[in-house]
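Novice: Attaching a single structure in structure tokens format; questions to follow.
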Amino acid sequence: MSGHGDPIRMTARKSAALSGVAEVPGDKSISHRALILGALSVGTTKITGLLEGQDVLDTAKAMAAFGAGVTREGAGAWTVEGVGVGGFAEPAEVIDCGNSGTGVRLIMGAMATSPITATFTGDASLRKRPMGRVTDPLALFGARAYGRAGGRLPMTVVGAAEPVPVTYATPMASAQVKSAVLLAGLNAPGQTVVIEKTATRDHTERMLRGFGAEVSVEATPEGNRITLTGQPELRGQTVAVPRDPSSAAFPVCAALIVPGSDILVPGVSQNPTRNGLFLTLREMGADISFENEREEGGEPVADLRVRFSELTGIEVPAARAASQIDEYPVLAAVAACARGTTVMRGVHELRVKESDRIDAMARGLEACGVTVEEDDDTLIVHGLGPDGVPGGATVATHIDHRIAMSFLVLGLAARAPISVDDGSPIATSFPVFEPLMRGLGAGIVREG
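If you read the sequence shown in the UniProt record's numbering, its first letter stands for residue 1, the second for the next number, and so on.
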């Protein structure tokens with residue numbers, strides 16, 4: 001059962017050609033960070049295009065609980081009255097981050113170097129996810145964390161009264177870990193350094209600079225060395241949130257596998273740490289063109305023109321994993337409709353997302369008649385070509401929005417309908433998924 005309501009069974013049926021304009025919501029990663037950095041700034045931050053999915057709304061509520069003034073002015077338009085670096089107040093209630101691993105980990109980092117205590121929880125899915133990857137480096141600053149066995153929520157974090165700067169080499173490619181350490185470093189004296197062997201999404205570094213922090217990035221033999229000078233005075237900013245490439249992935253992939261489709265997805269972020277899926281799809285033969293390339297809110301964006309394509313399986317470069325980690329589930333669905341085999345390596349991080357996404361996709365694809373192989377770090381999909389996926393299954397989503405949407409996309413091209421046992425988690429990241437997809441002509445309905 002979803003942590004945000006009763007399960008919603010949904011079904012996708014073979015669709016006629018998709019057409020029209022898909023205006024996907026604002027970027028979730030940037031929305032979280034805009035709220036948090038606005039709360040840590042002096043003065044007013046004005047945000048437009050904020051994603052109003054449940055994950056981001058939970059972060060907004062959390063910032064208010066730490067003492068910031070958070071106000072919704074209109075659709076996607078929010079203001080944050082900040083309390084400044086080190087100005088968080090101790091929250092009176094438990095901080096419920098719902099389904100959001102990004103939200104909880106970044107907020108833990110933001111409060112870990114202030115002398116306050118906060119308790120965090122989340123829905124059933126989030127309570128299964130490991131927090132040690134964040135609390136371990138936060139302990140180096142002087143913070144302490146007390147949680148369930150295995151470093152899981154609910155968890156109480158006691159912030160460091162006298163934080164010290166940290167140099168930390170991330171043991172896995174994780175923008176959440178990197179960002180948590182950088183946010184903690186804001187209220188530590190001196191310089192905090194993060195070394196990441198594999199580059200991950202850099203929204204935090206970009207936005208920190210935009211709010212007035214001193215952040216440098218140096219390429220070294222060990223990887224990117226990111227240095228933050230602590231205790232800056234951040235100033236409130238105006239933030240225009242670009243459209244989310246992870247949400248855009250679903251209408252883009254649907255158009256590629258439904259014959260005759262031709263859609264436009266405007267204003268999608270093309271941040272090079274986030275655009276791996278689009279590069280992969282083009283290598284598979286996808287007809288995707290990038291139009292009206294420009295910059296908005298410090299992020300490169302483009303309008304995507306996408307047409308149905310007969311795709312061919314490829315071996316996806318493992319080095320690309322970090323730039324498309326959230327898109328592997330829908331890529332696996334697309335791979336089922338390609339000719340030949342698609343090999344995805346270096347994807348162990350999928351094991352510790354909202355669900356074990358390698359297992360969830362493998363079992364779901366098998367139920368739909370697709371042959372897959374997997375190991376701890378690899379997913380291999382043997383494609384059946386256009387109109388080759390039998391479908392006709394009900395897939396378990398494991399309270400995971402991306403698993404739900406990926407199989408609904410696949411159902412639009414399968415011979416028989418594909419259902420998901422619970423589509424309610426979709427609201428956490430893409431609250432307008434259903435009307436947007438139906439507006440393009442997709443046959444997606446709620447059952448019961």
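We treat Cβ as the ideally placed atom computed from N, Cα and C, and that holds for glycine. Keep in mind it's a predicted model, so treat the numbers as computed, not measured.
How many angstroms separate the CA atom of V255 from the CA atom of A335?
Specialist: The sequence position of residue 255 within the sequence shown is 255, counting from 1. The sequence position of residue 335 within the sequence shown is 335, counting from 1. Note on identity: in this sequence residue 255 is Ala, with Val being the wrong assignment. Cα to Cα, the separation comes out at about 14 Å.
Novice: Report the rounded CA-to-CA distance for R357 versus K61, giving the unit in angstroms.
Specialist: By one-based count along the sequence shown, residue 357 stands at place 357. By one-based count along the sequence shown, residue 61 stands at place 61. About 28 Å.
Novice: Does the beta-carbon of S406 have 16 or more other beta-carbons within 10 angstroms, so that it is buried, or is it exposed?
Specialist: To locate residue 406, count along the sequence shown from 1; it is residue 406. Looking at its Cβ environment, which holds 16 or more other Cβ atoms inside 10 Å, S406 is buried.
Novice: For S114 versus A442, is the C-beta distance shorter than 8 Å?
Specialist: Locating residue 114 in the sequence shown gives position 114, where the first residue counts as 1. Locating residue 442 in the sequence shown gives position 442, where the first residue counts as 1. Result no, Cβ atoms of S114 and A442 do not sit closer than 8 Å.
Novice: Rounded to whole angstroms, what is the Cα-Cα separation between P390 and T204?
Specialist: Taking the first residue of the sequence shown as position 1, residue 390 is located at position 390. Taking the first residue of the sequence shown as position 1, residue 204 is located at position 204. In a straight line, the C-alpha of P390 is about 42 Å away from that of T204.
Novice: Taking only three categories from DSSP, how would you classify K178?
Specialist: Here residue 178 is taken as the residue at index 178 of the sequence shown, counted from 1. Here K178 sits in helix by DSSP.
Novice: Closest to A333 by C-alpha separation, out of A302, V372, V352, G346, would be which residue?
Specialist: Residue mapping note: residue 333 aligns to position 333 of the sequence shown, counting from 1. Here the closest residue by C-alpha is V372.
Novice: Between the Cα of H348 and the Cα atoms of A318, E354, L365, D376, which residue gives the shortest distance?
Specialist: Within the sequence shown, the letter at position 348 stands for residue 348. Answer by Cα proximity: D376.
Novice: Contact between the segment 222–237 and the segment 263–282 is defined here as three or more beta-carbon pairs at a separation below 8 Å; is this criterion met?
Specialist: No: fewer than three Cβ pairs fall under 8 Å.
Novice: Within 8 Å, do at least three Cβ pairs link the segment 313–325 to the segment 358–368?
Specialist: At 8 Å Cβ cutoff, the stretches do not touch.
Novice: Under 8 Å: do the segment 120–129 and the segment 64–79 share three or more Cβ pairs, one atom per stretch?
Specialist: The segment 120–129 vs the segment 64–79: no contact.
Novice: To the nearest angstrom, report how far apart A139 and P163 are at their CA atoms.
Specialist: As a first step, residue 139 is located in the sequence shown; it is residue number 139 there, counting from the start. As a first step, residue 163 is located in the sequence shown; it is residue number 163 there, counting from the start. Cα to Cα, A139 sits roughly 10 Å from P163.
Novice: Determine the direct distance from the alpha carbon of G150 to that of V134, and round the result to whole angstroms.
Specialist: The residue you call residue 134 lines up with position 134 of the sequence shown. The residue you call residue 150 lines up with position 150 of the sequence shown. Computed Cα separation, rounded: 13 Å.
Novice: By Cβ distance below 8 Å, which residues in the same chain neighbour K128 in space, the five residues on each side in sequence not counted?
Specialist: Here residue 128 refers to the residue found at position 128 of the sequence shown. Here the set comprises R152.
Novice: Taking A248 as the reference, which of Q237, G86, S269 has the closest Cα?
Specialist: Working through the sequence shown from its first residue, we reach residue 248 at position 248. The residue with the shortest Cα to Cα distance from A248 is S269.
Novice: With burial defined as no fewer than 16 other Cβ atoms inside 10 Å of the residue's Cβ, what is the status of Y168: buried or exposed?
Specialist: Walking along the sequence shown from the start, residue 168 turns up at place 168. Classification for Y168: buried.
Novice: In whole angstroms, what separates the C-alpha of M344 from that of T59?
Specialist: Numbered from its first residue, the sequence shown carries residue 344 at position 344. Numbered from its first residue, the sequence shown carries residue 59 at position 59. Taking the straight line joining both Cα atoms gives about 32 Å.
Novice: I'd like the list of long-range same chain contacts for E291, defined as Cβ closer than 7 Å, with 5 residues on each side in sequence excluded.
Specialist: Taking the first residue of the sequence shown as position 1, residue 291 is located at position 291. Within the same chain, E291 has close Cβ partners A302, D303, R305.
Novice: What's the C-alpha gap between D400 and T192?
Specialist: As a position in the sequence shown, residue 400 is number 400, starting the count at 1. As a position in the sequence shown, residue 192 is number 192, starting the count at 1. Cα to Cα, D400 sits roughly 34 Å from T192.
Novice: Buried or exposed: which applies to R148, given that a residue is buried once 16 or more other Cβ atoms fall within 10 Å of its Cβ?
Specialist: Residue mapping note: residue 148 aligns to position 148 of the sequence shown, counting from 1. Burial call: exposed.
Novice: Check each candidate in P137, S246, A173 and name the one with the smallest Cα separation from I426.
Specialist: Within the sequence shown, the letter at position 426 stands for residue 426. Of the candidates P137, S246, A173, the one whose C-alpha sits nearest the C-alpha of I426 is S246.
Novice: Starting from the Cα of L182, find the closest Cα among E214, V157, T156 and give me that residue.
Specialist: As a working note, residue 182 is residue 182 in the sequence shown. Taking only the C-alpha atoms, the option nearest L182 is E214.
Novice: Report the start-end ranges of each alpha helix (DSSP H) in the segment 213–274 that is 4 residues or longer and not cut off at the edges.
Specialist: Here the runs fully enclosed are 245–257.
Novice: When the distance is taken between beta carbons, is I257 closer than 8 Å to C337?
Specialist: The residue given as residue 337 occupies position 337 in the sequence shown. The residue given as residue 257 occupies position 257 in the sequence shown. The answer is yes: Cβ separation under 8 Å.
Novice: How should L18 be labelled, buried or exposed, when 16 other C-beta atoms within 10 angstroms of its C-beta is the threshold for buried?
Specialist: Mapped onto the sequence shown, residue 18 falls at position 18. With 16 or more other Cβ atoms within 10 Å, it is buried.
Novice: Which term fits R438, buried or exposed, when burial requires 16 or more other beta carbons within 10 angstroms of its beta carbon?
Specialist: Counting from 1 along the sequence shown, the entry for residue 438 is found at position 438. Classification for R438: exposed.
Novice: Quick one: Cα of G3 to Cα of N99, how far?
Specialist: Reading the sequence shown from its first residue, position 3 is the one you call residue 3. Reading the sequence shown from its first residue, position 99 is the one you call residue 99. For G3, the predicted model reports a pLDDT of 43, less than 50, meaning its position is unreliable; a value from the coordinates is still stated below. Approximately 7 Å between the Cα atoms of the pair.
Novice: Tell me, please, which residues DSSP counts as bridged to A12.
Specialist: Position 12 of the sequence shown holds residue 12. Answer by DSSP bridge pairing, in chain order: I418, I444.
Novice: Give me the Cα-Cα distance between M1 and R402, rounded to the nearest whole angstrom.
Specialist: Counting from one through the sequence shown, the residue named residue 1 turns up at place 1. Counting from one through the sequence shown, the residue named residue 402 turns up at place 402. Low per-residue confidence applies at M1: pLDDT is 29, beneath 50, and the placement is therefore not dependable, though the value from the model is reported in the following sentence. Cα to Cα, M1 sits roughly 16 Å from R402.
Novice: Could one say the Cβ of A213 lies closer than 8 Å to chain B's Cβ atoms, at least one of them?
Specialist: Considering every chain present, this structure includes no chain B. It has just one protein chain.
Novice: Does the distance between the C-beta of A89 and the nearest non-hydrogen atom of the ligand HEM fall short of 7 Å?
Specialist: What this structure holds is no ligand at all, so the ligand HEM is not there to describe.
Novice: Find the nearest neighbour of P266 within the set I8, R13, L412, G26, judged by alpha-carbon distance.
Specialist: On the sequence shown, residue 266 is found 266 positions in, with the first residue counted as 1. Here the closest residue by C-alpha is G26.
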